[in-house]
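As you go down the protein sequences, you meet chains Z and R in turn. Residue numbering for the first sequence follows our numbering, beginning at 1 and increasing consecutively. Residue numbering for the second sequence follows our numbering, beginning at 1001 and increasing consecutively.
2 protein chains.
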Amino acid sequence: MARKFIISIDLGGTNLKVALLDLQYNIIDREVLSTCSFLEKEDLISGIAYSINRIIKYNNLNKTQIFGLGLGLPGPVDAKRGIVHFFPNIPGWKEVKFRDILKKRLNLKVCLDNDAKLMCLAEYKLGAAKGFLNTLCVTLGTGIGGGIIINGKIYRGLNNAAGEIGHLPINEKGPLCNCGAYGCLEAYVGNKRILNQARKVFGRSISLEELSLLSSNKNKTAINVWRKAGGHLGFALAGVVNLLNLDAIVIGGGVASAGKVLFDSLKERLKQQAMSVQSRHVKVFRAKLGSDAGLIGAAILVKEGLD
Amino acid sequence: MARKFIISIDLGGTNLKVALLDLQYNIIDREVLSTCSFLEKEDLISGIAYSINRIIKYNNLNKTQIFGLGLGLPGPVDAKRGIVHFFPNIPGWKEVKFRDILKKRLNLKVCLDNDAKLMCLAEYKLGAAKGFLNTLCVTLGTGIGGGIIINGKIYRGLNNAAGEIGHLPINEKGPLCNCGAYGCLEAYVGNKRILNQARKVFGRSISLEELSLLSSNKNKTAINVWRKAGGHLGFALAGVVNLLNLDAIVIGGGVASAGKVLFDSLKERLKQQAMSVQSRHVKVFRAKLGSDAGLIGAAILVKEGLD
């Protein structure tokens, strides 16, 4: 019998990643396209279909060897019915029956879900939180995303919208957040806010990479920016830990690359603020699968099914 | 075949309630004892055993008709192993194998759990949140307790300590909480804090009952105290709703008797602060089973088992 493979897609506001994985979730081949080169929804769907057919052909496979196609998508979706509600950063998508469209066009089994949930699934099944039954994954970036594993399964909530740790508020009179509310975690540790903070204290524009580099070179001003961010994160996570008595927290995404200084201040604040039983038992990990987590999570979804 | 019954116990810092229920969870008989009349752990255990035997005898039953004994307990417990870790308000209990002790003494099937979790189970199975698969129950009192139903089951977390909504922090520079951390919800809407607020604005000591009465008589100062408390609650609950995309929230306990003014301000703030999908779908209910919720929850636990 011919070997089987899975095709995974990780669609972001910037990049569209397409990958071929074996059933052990090893990435065999991949390509990265620019999302904004597809101007219309129809173009993007055709681009995806084209890329999938190309990766199958290039690897000398035929379609019967493809176990299924999994997609991680940057916005709220109905994973059960395969519908995209909308994408905050890609215009033209509203209540799109994306699964049915791709199924019909490609004649493949298709599964889709929100990208933060799939990242969380991957970290739980194969990454930093392997075996930790109740886990929160946090992705730090322009937005703060999240996914929750409860009793070993993705927890979706009523509308598949669970996991919005970025919009856990931490100060009643805090700054206005992108979501329209006040004092959300994202308004304190989203990329933009951290860059603003850094610009203020350094008196010039500075990139996140430079900020990380400076702090690892013991620059006190840079260290302070990260410590502040870690403190806010730890404070918010203390609330979640008290509420959910989690086994583990996984932190990933660009900002997590600040590394030790961020994690140390996060853990310190978490320990101060959380209740003793909860804080004693929760483990805080840095994400292990990096930017491939979404692709791997999508493949797990295809192989293991929705629940 | 003789009819079967369940005996439920709701142990509080003040009262010890013992009740006889039929298998449809109707309370047939009950007695209320004063917890502090039992000075030692051993006295309390004997008192419970004595009361159970008395209620069986008084109702002309024999022990074979008792399906089991369920206990709701005021502190952290290991429900699976039947162990009491400790009671914050009853001295002398530390890592007590309470289930085994009662089983041996009474020769009955015994189940126990934390009281807030059982209240939540009761409200989900028979009360305000019947059929709402993902529900948070909040009990407002001296402390702010909570229980969480996820996918129709009590969510326990790693150490059976999940549900501590009272210790979700809402301000980084907020007041010191009983738990030792800062800015927890309980430090804003625990009974003591509300009474302090009321004393400040009225210039004299005032009870919660009077405060509720005054506000229902349109006293603006009293209304303001409740509106403030409702605002803090709504702000904290917005974070939980964003994170867990809940189906329902149930609010019970003494302070909830403030009624409409508290609920209106809570819902208003929740709507302002929570994300649109999550806030549009979550229902906020007042607890329906009142002070019997713990007894009923303990009986459900006995009949339906731990999971």
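By construction, the Cβ of each residue, glycine as well, lies at the ideal position given by its N, Cα and C atoms. Everything numeric in this text was worked out from a predicted model, so none of it was measured.
Of all residues in the segment 244-277 of chain Z, the ones placed with a Cβ closer than 8 Å to any Cβ belonging to chain R are Leu244, Asn245, Leu246, Asp247, Gln272, Gln273, Ala274, Met275, Val277, in chain order.
Contact between the segment 164-171 of chain Z and the segment 185-195 of chain Z is present: three or more C-beta pairs spanning the two stretches fall below 8 Å.
Residues of the segment 84-95 of chain Z that bring their beta carbon within less than 9 Å of a beta carbon in chain R comprise His85, in sequence order. Here the C-alpha atom of Z:Ala198 lies approximately 7 Å from the C-alpha atom of Z:Val225. The C-alpha of Z:Arg156 lies about 8 Å from the C-alpha of R:Leu1244.
Note that the C-beta distance between Z:Val277 and Z:Ile251 is not below 8 Å. Chain R has no Cβ within less than 8 Å of the Cβ of Z:Val77. Rounded to the nearest whole angstrom, the CA to CA distance from Z:Leu289 to Z:Met119 is 9 Å. The alpha-carbon separation between R:Gly1131 and R:Cys1137 amounts to approximately 14 Å. With its beta carbon at least 8 Å from every one in chain R, Z:Leu233 lies outside the interface.
For Z:Gly239, the nearest beta carbon of chain R is closer than 8 Å to its own beta carbon. Put simply, the backbone Cα of Z:Val201 is about 34 Å away from that of Z:Val282. The segment 1286-1305 of chain R makes contact with the segment 1060-1069 of chain R, as at least three CB pairs between them are under 8 Å. When C-alpha distances from Z:Ala274 are compared across R:Ile1170, R:Leu1061, R:Thr1064, R:Leu1021, the shortest belongs to R:Ile1170. Counting only the Cα atoms, Z:Glu268 lies some 19 Å from Z:Lys218. By the rule that beta-carbons nearer than 8 Å mark a contact, Z:Pro175 does not touch chain R. Note on the segment 1065-1111 of chain R: whole beta strand (DSSP E) runs with a minimum of 3 residues are 1066-1073, 1083-1086, 1094-1096, in chain order. Using a CB distance cut-off of 8 Å, R:Ala1002 does not count as an interface residue toward chain Z. For R:Cys1137, the enclosing beta strand (DSSP E) covers residues 1135-1140. Here Z:Ser276 is not bridged, per DSSP, to any residue. Against chain R, the beta carbon of Z:Pro169 has neighbours under 9 Å at Ile1170, Phe1235, Ala1236, Ala1238, Gly1239, Asn1242, Gln1273, listed in chain order. Counting only Cβ-Cβ distances below 7 Å, Z:Glu164 has contacts in chain R at Asn1242, Leu1243, Met1275, in chain order.
In the three-state reduction of the DSSP assignment, Z:Lys173 falls in the coil class, being assigned neither a helical nor a strand state.
DSSP places R:Ser1212 in the helix class (H, G or I) of the three-state scheme. Within 7 Å of the CB of Z:Cys179, the CB atoms of chain R belong to Met1275, in sequence order along the chain. Look at Z:Cys179 here: in three-state DSSP terms it is coil, with no helix or strand label. Against R:Ala1161, the close residues of chain Z are Asn242, Asn245, Met275, Val277, Gln278, His281, in the order they occur along the chain (beta-carbon pairs closer than 9 Å). Taking the C-beta atoms as reference points, Z:Leu73 is found no nearer than 8 Å to Z:Leu33.
If you look at R:Ser1046, you'll find it in the alpha helix (DSSP H) that goes 1041-1058.
Within a 10 Å sphere around the beta-carbon of Z:Tyr58 sit fewer than 16 other beta-carbons, which makes this residue exposed. C-alpha of R:Asn1160 to C-alpha of Z:Thr64: approximately 47 Å in a straight line.
The beta carbon of R:Thr1221 sits closer than 7 Å to those of Val1201, Phe1202, all from its chain and outside the five residues before and after it, given in chain order. In the structure shown, the three-state DSSP call for R:Val1018 is strand. With fewer than three CB-CB distances shorter than 8 Å, the segment 94-107 of chain Z does not count as touching the segment 1011-1027 of chain R. The beta carbon of Z:Lys173 lies closer than 8 Å to those of Tyr182, Gly183 in the same chain, with the five residues before and after it left out.
Membership of Z:Asp115 in any beta strand (DSSP E) is not indicated; the residue belongs instead to the alpha helix (DSSP H) covering 115-125.
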